[in-house]
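Take a look at the structure below.
So, in structure tokens, the structure goes:
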């Protein structure tokens with residue numbers, strides 16, 4: 014069973030969603046839940062007296078009870094039944110997950126949650142304004158619940174005192190926690206001694222996330238002492254934005270010799286080239302088995318790229334390298350390429366966004382793409398390649414040895430001039446599944462060429478992002494043709510373009526085609542009005558594959574929003590997310606939206 018609740022984004026109210034595993038032949042838990050539903054609520058809601066025994070006899074999940082209610086009564090489940098559903102969760106042999114975000118938990122609500130934590134496998138309470146007092150209860154849970162494997166408390170004011178209390182529970186013999194997430198909990202180096210004790214005594218702990226805490230050099234050194242202990246079996250360590258400095262390099266280098274460590278993310282720390290050179294020495298240790306290394310925004314320059322290249326050429330286990338947001342420039346990438354073209358190179362994911370690269374690097378990039386079939390995911394966002402650079406890059410992308418699946422080219426300063434070559438890549442590279450071209454001035458002419466590639470039978474693209482590409486309604490006929498023929502396309506981001514109502518109507522025609530399998534479309538900030546809402550409503554009430562529709566930042570007003578609401582009420586509507594924020598309407602329409610969201614438990618309307 015999973016209790017989830019989220020209020021992170023501006024929206025009307027919040028709703029809990031409860032999911033219970035199918036019984037698989039066991040009816041003991043279902044009977045307990047059915048009895049409670051049938052007894053406590055039967056007076057006010059007689060149909061539940063029938064649904065409760067049905068749940069028990071048939072082994073139905075709570076979600077299926079809800080579906081039966083709606084099918085039988087053609088009504089939404091009343092709001093005050095949700096607490097009963099939540100508390101009627103299965104007992105052993107089932108385990109429950111708690112997943113709540115962005116809610117300040119009242120005393121009674123917290124007490125209720127704590128009582129249900131004894132059977133949890135995972136507890137996730139991000140942005141819940143937890144403090145030291147809550148940690149006392151969590152400590153008790155940690156010391157008694159042997160099944161608890163994941164504790165995620167990101168973005169809470171736990172402070173050092175709260176984490177020290179948590180560590181007491183973590184140190185108990187019955188605690189078997191594997192994942193501990195404490196991002197942005199207002200921690201300092203003062204709590205690191207307690208964390209060190211946990212690391213050196215709990216071999217069950219494999220994932221530790223401490224990002225966005227001011228641990229600084231002193232805290233980093235203490236943590237490394239725990240990581241070096243023979244009992245420590247941490248496989249994934251994430252310490253982004255922890256105010257680490259080059260002084261931590263020696264200790265960080267030493268932990269790289271731990272054969273158990275597979276993932277290290279220390280991005281957004283001002284380490285500098287000297288520290289990176291030391292880290293590279295640690296990576297060369299024969300015992301190092303690191304597979305993921307993220308060093309984004311670490312003040313790296315071209316000076317340390319030769320050392321990174323040596324690592325790439327000698328450590329075939331390294332699969333994921335991120336050095337984005339470092340000013341390595343063309344000179345640094347030239348050095349890095351020496352490792353990227355080496356036969357032992359097995360990198361699958363390479364992040365080079367915002368590295369100060371220009372078209373001069375694109376010849377080397379093409380060489381990397383044409384010689385290394387292992388590279389699947391390449392991020393090159395925010396580099397000034399221009400049309401000349403993109404044309405060179407495409408030569409590598411179309412090479413038979415290139416197996417690229419994901420390509421990120423946000424704001425690379427190319428135009429329609431490069432789109433013919435890019436369309437050739439899209440139309441012929443069957444491995445390509447995701448491409449982002451956002452913030453490039455392609456214009457309608459460029460989009461027309463891309464559509465030719467998209468319609469090619471060899472194109473298997475699933476994800477396409479074209480936000481802020483200078484598009485208008487003039488290219489939407491070609492896009493309609495793509496949507497009506499390309500069954501593989503699942504995700505389309507085309508907002509922040511001047512599509513207007515005429516363009517939206519054409520896009521809707523494509524969406525309504527039986528060949529279209531799109532699940533997600535974002536049309537936000539596209540200068541839409543109520544005039545296109547009949548077309549949008551037809552899509553909502555017809556296309557059961559559609560799960561996410563983004564219409565934010567458009568002037569749909571009362572008339573348009575009401576048309577959308579009517580479509581959402583259709584039983585054929587399977588939307589899970591409807592984005593409507595920054596759209597102006599009356600208080601009456603807002604009340605309708607609130608009621609609609611309450612009536613569709615599987616839907617989130619973001620407004």
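In our numbering, the protein residues as written are 14 to 620. Idealized CB from N, CA, C, for every residue including glycine. Computed from a predicted structure; not experimentally measured.
Query                                                                                                                                                                : Result
Select from 471, 387, 517 the residue whose C-alpha is nearest the C-alpha of residue 562.                                                                           : 517
Applying the criterion that 16 or more other CB atoms from any shown protein chain within 10 Å of the CB defines a buried residue, is residue 358 buried or exposed? : buried
Have a look at residue 149 and residue 257 and give me their C-alpha separation to the nearest angstrom.                                                             : 30 Å
Measure the C-alpha to C-alpha separation of residue 283 and residue 301 and round it to an integer number of angstroms.                                             : 23 Å
Where does residue 526 fall in DSSP's three states?                                                                                                                  : coil
Relative to the C-alpha of residue 602, which candidate in 281, 575, 164 has its C-alpha closest?                                                                    : 575
Hey, out of 111, 135, 171, whose CA is closest to residue 125's CA?                                                                                                  : 111
Only counting the same chain, and skipping five residues up and downstream in sequence, which positions put a Cβ closer than 7 Å to that of residue 522?             : 493
Expressed to the nearest angstrom, what Euclidean distance is found between the alpha-carbon atoms of residue 362 and residue 570?                                   : 44 Å
Using the C-alpha atoms, what's the distance from residue 167 back to residue 221?                                                                                   : 12 Å
Where does residue 397 sit, in a helix, a strand or coil, going by DSSP?                                                                                             : strand
Find the nearest neighbour of residue 429 within the set 475, 412, 418, 455, judged by alpha-carbon distance.                                                        : 455
Where does residue 184 sit, in a helix, a strand or coil, going by DSSP?                                                                                             : coil
Do residue 251 and residue 224 have their CB atoms nearer than 8 Å?                                                                                                  : yes
Do the CB positions of residue 422 and residue 449 come within less than 8 Å of each other?                                                                          : yes
Taking just the CA atoms, how far does residue 442 sit from residue 555?                                                                                             : 32 Å
Please state if the CB of residue 163 and the CB of residue 13 are separated by a distance shorter than 8 Å.                                                         : Given that the chain is displayed from residue 14 to residue 620, the structure contains no residue 13 and the question cannot be resolved.
If you draw a straight line from the alpha carbon of residue 480 to that of residue 510, how long is it in whole angstroms?                                          : 7 Å
Could you pull the start and end residues of the alpha helix (DSSP H) that residue 132 belongs to?                                                                   : Premise fails: residue 132 is in no alpha helix (DSSP H) and is neither H nor E.
Would you identify the three-state DSSP class for residue 371, choosing helix, strand or coil?                                                                       : strand
Going by C-alpha distance, which of 547, 237, 497 is nearest residue 524?                                                                                            : 497
Would you identify the three-state DSSP class for residue 410, choosing helix, strand or coil?                                                                       : helix
Since residue 474 contacts residue 439 with CB under 8 Å, what's their CB separation in whole angstroms?                                                             : 6 Å
From residue 95 to residue 289, what distance separates their C-alpha atoms?                                                                                         : Bear in mind that the predicted position of residue 95 carries a pLDDT of just 35, short of 50, making it unreliable; the figure below should be weighed with that in mind. Between residue 95 and residue 289, the C-alpha separation is close to 53 Å.
To the nearest whole angstrom, what separates the beta carbons of residue 159 and residue 187, a pair I think is in contact under 8 Å?                               : 5 Å
Which word fits residue 472, buried or exposed, when buried means at least 16 other C-beta atoms lie within 10 angstroms of its C-beta?                              : buried
According to DSSP, is residue 443 part of a helix, a strand, or is it coil?                                                                                          : coil
Would you call residue 402 buried or exposed, if buried means 16 or more other Cβ atoms sit within 10 Å of its Cβ?                                                   : buried
Exposed or buried, which one is residue 649 when buried takes at least 16 other CB atoms within 10 Å?                                                                : Outside the modelled stretch of the chain, which goes from 14 to 620, sits residue 649, for which no answer is possible.
For residue 194, which three-state DSSP category applies?                                                                                                            : strand
Just the Cα atoms here: how many angstroms apart are residue 91 and residue 582?                                                                                     : Residue confidence is low: residue 91 scores 37 on pLDDT, short of 50, so the model does not pin down where it sits. Its coordinate-derived value is still stated next. One C-alpha to the other measures close to 16 Å.
List in chain order: all unbroken beta strand (DSSP E) runs of 3+ residues lying wholly within the stretch 575–615.                                                  : 590–592
Could you check whether residue 451 and residue 409 sit closer than 8 Å to each other, using their CB atoms as the reference points?                                 : no
Return helix, strand or coil for residue 254, following the three-state DSSP convention.                                                                             : coil
For residue 392, list the residues DSSP reports as bridge partners.                                                                                                  : 364, 421
Assuming residue 418 and residue 447 make a contact with CB atoms under 8 Å, what is their CB distance in whole Å?                                                   : 7 Å
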